[in-house]
Each structure stands twice: as C-alpha cells, then as structure tokens.
Amino acid sequence: MTERLPDFEALAIFARIVEHGSFSEAARVLGLSRPTVSKAVSRLEQATGTALFNRTSRRLSLTETGERVLSHAVKLLGEGEAAEAELRRAAHHPHGLLRVTAPIGFGLSHIAPLLPAFLSRFEDIELAMTYTDEQLDLIGGGFDVAIRIAAHAPSSLRALHLCSIPLLLVASSTYLALRGLPTHPRDLKHHDGFMYETLSGSGPWKMTRKGKSLQVEPPRSRYRANNAEAFLPALHAGLGIGLFPEFMVAQALGEGLLERVLPNWSFPDTALCLLTPPGRSHPARVSAFLDHIGRALRNTPWRRLNTH
Numbered sequence: 022m023t024e025r026l027p028d029f030e031a032l033a034i035f036a037r038i039v040e041h042g043s044f045s046e047a048a049r050v051l052g053l054s055r056p057t058v059s060k061a062v063s064r065l066e067q068a069t070g071t072a073l074f075n076r077t078s079r080r081l082s083l084t085e086t087g088e089r090v091l092s093h094a095v096k097l098l099g100e101g102e103a104a105e106a107e108l109r110r111a112a113h114h115p116h117g118l119l120r121v122t123a124p125i126g127f128g129l130s131h132i133a134p135l136l137p138a139f140l141s142r143f144e145d146i147e148l149a150m151t152y153t154d155e156q157l158d159l160i161g162g163g164f165d166v167a168i169r170i171a172a173h174a175p176s177s178l179r180a181l182h183l184c185s186i187p188l189l190l191v192a193s194s195t196y197l198a199l200r201g202l203p204t205h206p207r208d209l210k211h212h213d214g215f216m217y218e219t220l221s222g223s224g225p226w227k228m229t230r231k232g233k234s235l236q237v238e239p240p241r242s243r244y245r246a247n248n249a250e251a252f253l254p255a256l257h258a259g260l261g262i263g264l265f266p267e268f269m270v271a272q273a274l275g276e277g278l279l280e281r282v283l284p285n286w287s288f289p290d291t292a293l294c295l296l297t298p299p300g301r302s303h304p305a306r307v308s309a310f311l312d313h314i315g316r317a318l319r320n321t322p323w324r325r326l327n328t329h
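Numbering of the sequence shown is given in my numbering, commencing with residue 22 and proceeding in unit increments.
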C-alpha cells in the first residue's frame with residue numbers, strides 16, 4: 022500500500038487565507054494566482070471530504086471543521102518556515118558538528134596546528150577529529166571531510182586537490198658511511214629498509230629517470246609498521262634506507278641530518294586531497310574547513326627548507 026503524505030502546501034495556503042481574510046489577498050502575499058489558491062483549498066476539502074469555509078459573495082468565514090483544523094495548519098506553517106530558516110542558516114552560517122579524519126603523522130604535524138585558529142574563528146562549530154592511517158569509509162562512518170595522501174582519489178567522492186607530494190628516498194650519513202651509497206636502483210636490494218604496511222606491501226618499486234621507467238626490488242624490510250612516522254628514529258639511527266613523503270623528511274634534509282639517495286631517479290608522486298561526500302553543495306561548516314585548510318597547505322609549508 023502506497024503511503025500518502027499530507028497536503029502540506031494546501032494546509033499552509035489555508036492558514037494564510039485565514040490570516041489575510043480573503044483568497045485574493047492571500048494569493049497576492051504568496052505570489053500565487055487566485056485560481057491556484059482556490060484549487061489548493063478545494064484539493065484539501067476533497068481529500069478530507071469536508072468544507073473549510075462558508076463562502077458568500079461578501080463574506081468568508083470558517084466552518085466548524087475549519088476552526089478545529091486552523092491551529093494545526095498555523096503550527097505546520099510556522100514549523101515549515103522555521104525549517105527553511107534553519108536550512109538557510111546552515112547554508113550560510115558555519116555551525117554544528119564537523120567530523121574529520123586525517124592520517125596520523127601528517128594530521129598531528131600539519132593539521133592539528135591549524136585547528137586552534139579555525140575553532141577560534143568559527144565559535145559555533147564543534148570539531149571531532151579521527152587520526153588514523155586506515156582509509157575509513159567516509160559516508161558509512163559519517164565523516165564530513167577526509168584528509169588523504171594518495172595517488173588517486175576515489176571517483177565516488179568529491180576531491181579537492183591541494184598539492185602533489187614527492188616521495189623521496191633518504192638515509193642518514195651514518196648508514197651510507199657503513200653500507201655505501203647506492204649508484205643504481207638495482208643496488209637497493211642489497212640494502213636494509215622499512216615497510217609501511219598500510220600501503221601496497223612488498224611489491225617492486227617503479228622508478229623513473231629521463232622518461233625511462235624501471236621496476237626494481239626494494240630494500241629488505243627489517244622493520245615494518247602501520248605508521249610511517251614510526252620509522253624516523255630508526256632512519257636517523259642509521260638502520261636503513263627509507264622512502265618517505267616530502268613533508269616528513271624536508272626539515273631533516275634541510276638541516277643535513279638526512280641525505281637523498283639516487284636523487285636523479287624519481288618515484289610517482291602522491292597527492293594531498295580533501296575528500297567530501299558527493300553532492301552539489303557543502304554545509305557552511307564544511308566549506309569553512311576546506312577553505313581554512315586549503316589556504317594553509319596549498320603553499321606546501323614544509324618546503325621552506327631545502328629538500329635537495
């Protein structure tokens with residue numbers, strides 16, 4: 022059996038007719054034609070099988086049924102107007118709960134420092150951050166925004182691309198002095214390294230130089246973890262060669278604490294993206310967050326130090 026919704030429009034028009042005392046005046050205020058207003062009342066009367074007005078050429082009055090239903094119609098009209106006002110407020114005034122997920126290392130280093138200014142500026146927003154290296158289901162998890170570092174964004178989501186992030190092969194001078202500097206990608210299989218388990222696993226690395234690509238065996242993974250930042254102490258201690266996103270090693274490279282390995286070879290870039298559920302428009306709180314984070318990170322602040 023098909024469920025029939027109440028005729029909300031006709032009830033609202035009925036309330037306006039009573040408020041303004043005539044069909045014609047209600048039509049003028051609502052910006053509708055006189056026949057449209059009359060048909061709405063007739064539609065309501067036919068659906069309920071009862072008259073709402075006593076009509077004469079000079080006077081319009083409510084029937085007993087009309088009197089009883091009036092308070093409900095007025096309340097319905099008021100609730101509808103309040104709902105529309107709330108929708109307009111949500112579209113233009115940033116407020117409410119904002120749920121965001123971000124990777125642990127990047128989130129703590131580069132997102133968390135941006136949040137105090139955001140919360141100070143938008144006092145009506147409540148922020149719930151989830152820091153994890155797992156790629157959570159944005160829609161199923163009820164998130165408004167996902168901050169992702171990935172080569173490709175899911176086609177089912179809206180993606181705001183902020184910047185490309187090179188992957189850099191690095192090691193400490195201690196390690197290179199002990200094990201020697203690789204001169205060709207094929208040398209990497211004779212070295213120790215690290216494996217970020219959240220990514221693709223232990224498959225070959227694709228490296229490119231002067232337009233030519235090469236598939237090579239990566240260094241032996243003596244240390245595995247589900248968070249790339251966990252490798253940094255071991256990297257600095259000289260325990261291996263590591264492939265890291267630029268933002269994670271830029272400062273150490275600039276300070277001479279790490280060295281580039283095979284700098285003439287490159288890896289496919291990854292990218293920093295802000296993902297949101299599909300749809301034509303964002304709530305104001307989401308738009309405010311995207312703008313705040315976007316303006317701060319489009320200029321890749323980690324590149325202030327020399328990374329080469």
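All C-beta atoms, glycine included, are put in the ideal place defined by N, C-alpha and C.
Next on the checklist: Along the chain, where does the alpha helix (DSSP H) containing residue 258 start, and where does it finish?
Outcome noted: On the sequence shown, residue 258 is found 237 positions in, with the first residue counted as 1. That residue, residue 258, is in no alpha helix (DSSP H); it is neither H nor E in DSSP.
Checklist entry - Ordered along the chain, which non-local residues of its own chain (more than five positions away) have a Cβ less than 7 Å from that of residue 235? => result As a first step, residue 235 is located in the sequence shown; it is residue number 214 there, counting from the start. Only 206, 228 meet the Cβ criterion.
Next on the checklist: The beta strand (DSSP E) that contains residue 171, what's its start and end?
Outcome noted: Here the question's residue 171 lines up with position 150 in the sequence shown. First-last of the beta strand (DSSP E) with residue 171: 166-171.
Item to check | Reference residue 271; option with closest CA among 188, 179, 58 | outcome: Along the sequence shown, one-based indexing puts residue 271 at 250. Ranking the options by Cα distance to residue 271, first place goes to 188.
Checklist entry - So, residue 61 versus residue 30, is the Cβ gap smaller than 8 Å? => result Stepping through the sequence shown from its first residue, residue 61 is reached at position 40. Stepping through the sequence shown from its first residue, residue 30 is reached at position 9. Yes. Within cutoff.
Next on the checklist: Given this structure, state the Cα-to-Cα distance separating residue 121 from residue 320, to the nearest angstrom.
Outcome noted: One-based indexing of the sequence shown puts residue 121 at position 100. One-based indexing of the sequence shown puts residue 320 at position 299. So the alpha carbons of these two residues sit roughly 21 Å apart.
Checklist entry - Which residue's Cα is closest to the Cα of residue 159: 174, 146, 147, 133? => result On the sequence shown, position 138 is the one that residue 159 refers to. Answer by Cα proximity: 174.
Item to check | Endpoints, the alpha helix (DSSP H) within which residue 272 is located | outcome: By one-based count along the sequence shown, residue 272 stands at place 251. Note, residue 272: alpha helix (DSSP H), 267-275.
Item to check | Residue-chain proximity (residue 281, chain B), Cβ-Cβ < 8 Å | outcome: The chain labelled as chain B is not found in the depicted structure, where only one protein chain is given.
Checklist entry - Per DSSP, what kind of secondary structure is residue 221 in: helix, strand or coil? => result Here the question's residue 221 lines up with position 200 in the sequence shown. In this predicted model, residue 221 has a pLDDT of only 49, less than 50, meaning its place in the structure is not dependable; the value taken from the coordinates is given anyway. Correct three-state label for residue 221: coil.
Next on the checklist: How far does the alpha helix (DSSP H) with residue 60 in it extend, from its first residue to its last?
Outcome noted: Counting from 1 along the sequence shown, the entry for residue 60 is found at position 39. Looking at the DSSP string, the run of the alpha helix (DSSP H) that includes residue 60 is 55-69.
Next on the checklist: Taking only three categories from DSSP, how would you classify residue 252?
Outcome noted: Position 231 of the sequence shown, counting from 1, holds the residue named residue 252. Helix.
Next on the checklist: Using the three-state DSSP reduction, which class does residue 26 fall into: helix, strand or coil?
Outcome noted: Indexing the sequence shown from 1 puts residue 26 at position 5. DSSP places residue 26 in coil when its eight states are reduced to three.
Next on the checklist: Spatial neighbours of residue 161 within its chain, please: C-beta separation below 6 Å, excluding the five flanking residues on both sides.
Outcome noted: Numbered from 1 along the sequence shown, position 140 holds the residue referred to as residue 161. Excluding positions up to five away in sequence, the list is empty.
Item to check | residue 197 versus 140, 259, 303, residue with shortest Cα-Cα distance | outcome: Sequence index remark: in the sequence shown, residue 197 carries index 176 (1-based). With distances taken between Cα atoms, residue 197 lies closest to 259.
Next on the checklist: I'd like the list of long-range same chain contacts for residue 64, defined as Cβ closer than 8 Å, with 5 residues on each side in sequence excluded.
Outcome noted: If you number the sequence shown from 1, residue 64 lands on position 43. Within the same chain, residue 64 has close Cβ partners 28, 31.
Next on the checklist: Considering Cα atoms alone, identify which of 140, 72, 166, 56 is closest to residue 89.
Outcome noted: Numbered from its first residue, the sequence shown carries residue 89 at position 68. Taking only the C-alpha atoms, the option nearest residue 89 is 72.
Item to check | Where the alpha helix (DSSP H) through residue 234 begins and ends | outcome: Within the sequence shown, numbered from 1, the residue matching residue 234 stands at position 213. No alpha helix (DSSP H) holds residue 234; the beta strand (DSSP E) holding it covers 233-237.
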